[in-house]
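A.B. asks: Please find one structure pasted underneath; my questions will follow.
Protein chains: 2
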Amino acid sequence: MAMEDSSEIDRGGTAEAGRPTLKTIAFMTGLGVTTVSRALKDAPDIGVETKKRVQLVARQVGYRPNRAGVRLRTGKTNVISLVLNTDEQLMGFISDIIYGVSAELANSPYHLILTPYSSRNDPMDPVRYVVETHSADGIIISQTEPNDARVRYMSEHGFPFATHGRTHMGVEHPWHDFDNHAFALEAVKTLAARGRRRLALLAPPPGYTYHQHTRDGFAGGLAETGASEASLGDTWIDQPVERIRERALSLLREGSRPDGLVCSSGTGAFALAAAIEDAGLVLGRDVDVVTKQSSKLVQMVRRDLIVVNEDFRLAGRELARAVIASIGGADARGLQTLALPGAVEGPARG
Amino acid sequence: MAMEDSSEIDRGGTAEAGRPTLKTIAFMTGLGVTTVSRALKDAPDIGVETKKRVQLVARQVGYRPNRAGVRLRTGKTNVISLVLNTDEQLMGFISDIIYGVSAELANSPYHLILTPYSSRNDPMDPVRYVVETHSADGIIISQTEPNDARVRYMSEHGFPFATHGRTHMGVEHPWHDFDNHAFALEAVKTLAARGRRRLALLAPPPGYTYHQHTRDGFAGGLAETGASEASLGDTWIDQPVERIRERALSLLREGSRPDGLVCSSGTGAFALAAAIEDAGLVLGRDVDVVTKQSSKLVQMVRRDLIVVNEDFRLAGRELARAVIASIGGADARGLQTLALPGAVEGPARG
DNA sequence: TGTCCAAACTGTAACGTTACAGTGATGATA
DNA sequence: TATCATCACTGTAACGTTACAGTTTGGACA
């Protein structure tokens, strides 16, 4: 505090290797910090000229609000938390969601923080942590269950969130989902149109909501086309590919083997294709496979697969949009989006 | 401040729906906030009994330090930023790094924030942003170049970071890398041992350090085995699979076609395998392909591929460890790790 | 008895921000 | 000319934490 009165000295500038703060700008413009703060956020009660001047100076010194200051004062973190299960083996998938969320957050004040958990722990842990410590303003979760404890918890706490997948628990909340019912239904009809009469489904694991949606669509397709079902038993897309392959192989070796397969993941479809070869059959001739794919890669590798695209980047964008709107206080019912399956793409009928 | 003296009232408790703070515990224990703060971090000058009592109460009320408060006061963010290129198409890869980093951060005070950028922007942008706004204590970057502007910038600013991939610019810094030289060298030797004499390399894009490492290893292998090279021209693993497939197809149709291929990504290997089929050749009989894979999936889908595993979860863990140590002031030279390629795994010689 | 020291604890200020309750001007109205 | 409203701006306090500079207590020592 020496040299108090030598007003030419540029104290308050970017000296001391410190970033400029509101104080810096206040000093440079001769205004009070409050005025500067309000001028920068275009609040009322500030003269037009003053606003311009303050904003100019702020740009010149490269002012960026200190997030910790804002957060401490306002309680707003400007953070969205994406809760992830790190045991996830499904291909590409997660990164596309992340990229979609990122893209949407890029033009917002929000930062994206990842809150991982492993299946060995309680899925509630990360959610509870974020809500209790208020380390984010909103949460995105996936692997949603029909009666989801996390959804109940966040709803009861009035904490903004969006889910990838629907629930069936009488609670309205923001969600984005892919229409797996329509996918499975169309898949069965496509197979039936190719003359396939005995079909099997490699579904998502039970417990998740989209397992039931997929099964229902599949069952609906069977009813509509009169095709019969061959069951893969307790085999789901989240299992190791080796296991899927073994189970599919034994099914394909049975007397009444399926001639059409519906699959909920590209990875699973690879395993099915491998099993078909193992069984000495030819994909596209003896058996057709309809699968979801999240990247063009699946069909590139196995052109004999029939594919339906599921856009996970879109899912990420929608989820980010929904959770931001929810933080803003929007009504949940307007924040529910269903992605319809794209066209069924496959090789010409063999 | 009414009812000052009715000491039975549990003011300062978790009332008002607010989280407990140091003040809460101070009130409950009858101590000062400073004492509570010091007791919780096991600082000197605090009695043993007091520490125990404070820690007990803290646990009982579920005290969690307010990150914004700590951050504002200390300047420490307790955040690690992972800078990602969201144009990345490579399979699975990114999520494994993220999971690896997450796993390592799980038992640390650090949160993981993702700072994405697209190739349309300057790769320096996200790095500059984090350093300027001090929105993290350390940065992890990938896609490292031999002379990397980001590395130079962070070094000059004394900002802690770790890179996935090495540099060659006379600056010591923390890094983790996969030994792509050894991979390519072993790949060529493996092919030569199978009698392959004319080899092509599908390499990482030029510009990145590991492009050169891979090329050098490949060239070394050629020299050692006396095999000749067939060039794929300007084709790299980051290009669309369709393009890789086309280019590989035209090379395979040339008179002096390669009988062995070395590939730096599983995705690329799929494209090569497809091209081999396009050319009417048989993988494993007419042509062998050695590729890196980041998940077992690659070889499951195409068992006729010869694979070498690259563990990206390990990379994530090492990078997190390195950047944390670097934040702690450790010397960069002790924070450089090289992952050696795993065993070459392939089908029996055909 | 007085001095000194260590141990154990405390109050104040500050990090950067914003909500709130002002304060002076200026000009319009009665 | 007094009153009142409006405009443009300001100071203070507080969010939760920790660094720093104390203060109190009790005992050891001369």
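Chains as they are written, first to last, in the working numbering: chain A, 344 to 693; chain B, 344 to 693. Glycine is no exception: its CB is placed at the ideal position from the N, C-alpha and C atoms.
Report the three-state DSSP secondary structure of H507(B) (helix, strand or coil).
C.D. replies: Counting from one through the second sequence, the residue named residue 507(B) turns up at place 164. In this structure, H507(B) counts as strand in the three-state DSSP scheme.
A.B. asks: Helix or strand or just coil, what does DSSP make of F521(A)?
C.D. replies: For the purposes of this step, residue 521(A) is taken as residue 178 along the first sequence, with counting starting at 1. The answer is strand: DSSP assigns F521(A) an E or B state.
A.B. asks: Looking at chain A, is there any beta carbon in it that lies within less than 8 Å of the beta carbon of E695(B)?
C.D. replies: Because chain B is modelled from 344 through 693, residue 695(B) falls outside the range shown and cannot be assessed.
A.B. asks: Just tell me which of L678(A), D647(A), T458(A) has its CA closest to the CA of E688(A).
C.D. replies: Taking the first sequence and counting its residues from 1, one reaches residue 688(A) at position 345. Nearest C-alpha to E688(A): D647(A).
A.B. asks: When you compare the CB positions of L457(B) and L455(A), do they come within less than 8 Å of one another, or not?
C.D. replies: Residue 457(B) sits at position 114 when you count from the first residue of the second sequence. Residue 455(A) sits at position 112 when you count from the first residue of the first sequence. It is a contact, given that the beta carbons lie within the stated cut-off.
A.B. asks: Is there a C-beta anywhere in chain A that falls below 8 Å from the one on F445(B)?
C.D. replies: What you label residue 445(B) is simply residue 102 of the second sequence in a count that begins at 1. The question names Phe, yet the displayed sequence has Ser at residue 445(B). It does; some Cβ of chain A falls within 8 Å.
A.B. asks: Exposed or buried, L683(B), counting other C-beta atoms within 10 Å across all chains shown (16 or more means buried)?
C.D. replies: Counting from one through the second sequence, the residue named residue 683(B) turns up at place 340. The residue is exposed, with fewer than 16 neighbouring Cβ atoms inside 10 Å.
A.B. asks: Going along the chain, which residues of the segment 580 to 599 of chain A sit with their C-beta nearer than 9 Å to a C-beta in chain B?
C.D. replies: P583, V584, E585, R588
A.B. asks: Identify the continuous alpha helix (DSSP H) that holds Q486(A) and give its terminal residues.
C.D. replies: Translated into positions along the first sequence, residue 486(A) becomes position 143. For Q486(A), no alpha helix (DSSP H) encloses it, and the DSSP letter there is neither H nor E.
A.B. asks: Quick one: does P684(A) have its CB under 8 Å from some CB of chain B?
C.D. replies: Looking up residue 684(A) in the first sequence gives position 341. Chain B, which has no Cβ nearer than 8 Å to the Cβ of P684(A), makes this no.
A.B. asks: Please list the terminal residues of the continuous alpha helix (DSSP H) segment that includes K395(A).
C.D. replies: Counting from one through the first sequence, the residue named residue 395(A) turns up at place 52. Where K395(A) is concerned, the enclosing alpha helix (DSSP H) stretches over 391 to 404.
A.B. asks: Using 8 Å as the Cβ pair cut-off and three pairs as the minimum, do the segment 562 to 578 of chain B and the segment 520 to 531 of chain B touch?
C.D. replies: yes
A.B. asks: Beta-carbon of V644(A) versus every beta-carbon of chain B: anything under 8 Å?
C.D. replies: Counted from its first residue, the first sequence places residue 644(A) at position 301. It does: the Cβ of V644(A) has a partner Cβ on chain B nearer than 8 Å.
A.B. asks: Go ahead and pull the three-state DSSP assignment for Y442(A).
C.D. replies: Locating residue 442(A) in the first sequence gives position 99, counting from the first residue. In this structure, Y442(A) counts as helix in the three-state DSSP scheme.
A.B. asks: Are G443(B) and R656(B) touching if we call contact CB-CB under 8 Å?
C.D. replies: Numbered from its first residue, the second sequence carries residue 443(B) at position 100. Numbered from its first residue, the second sequence carries residue 656(B) at position 313. Yes; because the gap between Cβ atoms is below 8 Å, this pair is in contact.
A.B. asks: Within the same chain, show all residues whose beta-carbon is closer than 6 Å to that of A686(B), passing over the 5 residues directly before and after it, in chain order.
C.D. replies: Your numbering for residue 686(B) matches position 343 in the second sequence. No residues qualify anywhere along the chain.
A.B. asks: In chain A, what lies closer than 7 Å to L457(B) by C-beta?
C.D. replies: Translated into the one-based positions of the second sequence, residue 457(B) becomes position 114. Those are I441, S445, L455, L457, listed as they occur along chain A.
A.B. asks: The alpha helix (DSSP H) spanning S669(A) covers which residue range?
C.D. replies: On the first sequence, position 326 is the one that residue 669(A) refers to. It spans 655 to 670 - the alpha helix (DSSP H) in which S669(A) sits, taken as one unbroken run.
A.B. asks: Under the three-state reduction of DSSP, which class applies to H454(B): helix, strand or coil?
C.D. replies: Indexing the second sequence from 1 puts residue 454(B) at position 111. If DSSP states are grouped into helix, strand and coil, H454(B) belongs with the strands.
A.B. asks: Find the residues of chain A that neighbour S478(B), judging by a C-beta separation of less than 8 Å, and give them in chain order.
C.D. replies: Indexing the second sequence from 1 puts residue 478(B) at position 135. Neighbours of S478(B) on chain A, chain order: R410, H454.
A.B. asks: Say whether the segment 398 to 412 of chain B touches the segment 462 to 471 of chain B, bearing in mind that this needs 3 or more beta-carbon pairs closer than 8 Å, one atom from each stretch.
C.D. replies: no
A.B. asks: Give me, in chain order, the residues of the same chain whose beta-carbon lies closer than 8 Å to that of R588(B); leave out the 5 immediate sequence neighbours on both sides.
C.D. replies: Numbered from its first residue, the second sequence carries residue 588(B) at position 245. Only A614, L615, A617, A618, D621 meet the Cβ criterion.
A.B. asks: Across the segment 500 to 507 of chain A and the segment 515 to 522 of chain A, are there enough close Cβ pairs to call them in contact, namely three or more that are closer than 8 Å?
C.D. replies: yes
A.B. asks: When the Cβ atoms of the segment 377 to 392 of chain B are set against those of the segment 414 to 427 of chain B, are three or more pairs found closer than 8 Å?
C.D. replies: No contact exists between the segment 377 to 392 of chain B and the segment 414 to 427 of chain B.
A.B. asks: Quick check on the burial criterion: 16 or more other C-beta atoms within 10 angstroms. Buried or exposed for A570(B)?
C.D. replies: Mapped onto the second sequence, residue 570(B) falls at position 227. Residue environment for A570(B): buried (at least 16 other C-beta atoms within 10 angstroms of its C-beta).
A.B. asks: Could one say the Cβ of L640(A) lies closer than 8 Å to chain B's Cβ atoms, at least one of them?
C.D. replies: Here residue 640(A) is taken as the residue at index 297 of the first sequence, counted from 1. Judged by the 8 Å Cβ criterion, L640(A) is in contact with chain B.
A.B. asks: Just list the residues that DSSP pairs E572(A) with in beta bridges.
C.D. replies: Looking up residue 572(A) in the first sequence gives position 229. Looking at the DSSP assignment, E572(A) forms a beta bridge with L542(A).
A.B. asks: Closest by CA to D430(B), which one among P548(B), A446(B), D581(B)?
C.D. replies: The residue you call residue 430(B) lines up with position 87 of the second sequence. If we check each option's Cα against that of D430(B), D581(B) comes out closest.
A.B. asks: Pop quiz: D629(B) and I649(B) are said to be a contact at Cβ under 8 Å. What is the actual Cβ separation, rounded to whole angstroms?
C.D. replies: Translated into the one-based positions of the second sequence, residue 629(B) becomes position 286. Translated into the one-based positions of the second sequence, residue 649(B) becomes position 306. About 14 Å separates the two Cβ atoms, so there is no contact after all.
A.B. asks: Within the continuous alpha helix (DSSP H) that includes T429(A), where are the two ends?
C.D. replies: The residue you call residue 429(A) lines up with position 86 of the first sequence. From DSSP, T429(A) is part of no alpha helix (DSSP H); its letter is neither H nor E.
A.B. asks: To which residues of the same chain is S599(B) closer than 8 Å at the C-beta, ignoring the five residues directly before and after it?
C.D. replies: Counting from one through the second sequence, the residue named residue 599(B) turns up at place 256. Only R541, A573 meet the Cβ criterion.
A.B. asks: Thinking C-beta only, is R537(A) closer than 8 Å to V514(A)?
C.D. replies: Mapped onto the first sequence, residue 514(A) falls at position 171. Mapped onto the first sequence, residue 537(A) falls at position 194. Not closer than 8 Å, so no.
A.B. asks: Based on Cα-Cα distance, which residue from S478(B), P583(B), V426(B) lies nearest to T487(B)?
C.D. replies: Residue 487(B) sits at position 144 when you count from the first residue of the second sequence. If we check each option's Cα against that of T487(B), V426(B) comes out closest.
A.B. asks: In this structure, how does DSSP classify Q555(A) when only helix, strand and coil are distinguished?
C.D. replies: Locating residue 555(A) in the first sequence gives position 212, counting from the first residue. In the structure shown, the three-state DSSP call for Q555(A) is helix.
A.B. asks: Are the CB atoms of R590(A) and L575(A) nearer to each other than 8 Å?
C.D. replies: One-based indexing of the first sequence puts residue 590(A) at position 247. One-based indexing of the first sequence puts residue 575(A) at position 232. Taking 8 Å as the Cβ cut-off, R590(A) and L575(A) qualify as a contacting pair.
A.B. asks: Give the range of the alpha helix (DSSP H) segment to which Q582(A) is assigned.
C.D. replies: Stepping through the first sequence from its first residue, residue 582(A) is reached at position 239. Segment: none, Q582(A) is in no alpha helix (DSSP H) and carries neither H nor E.
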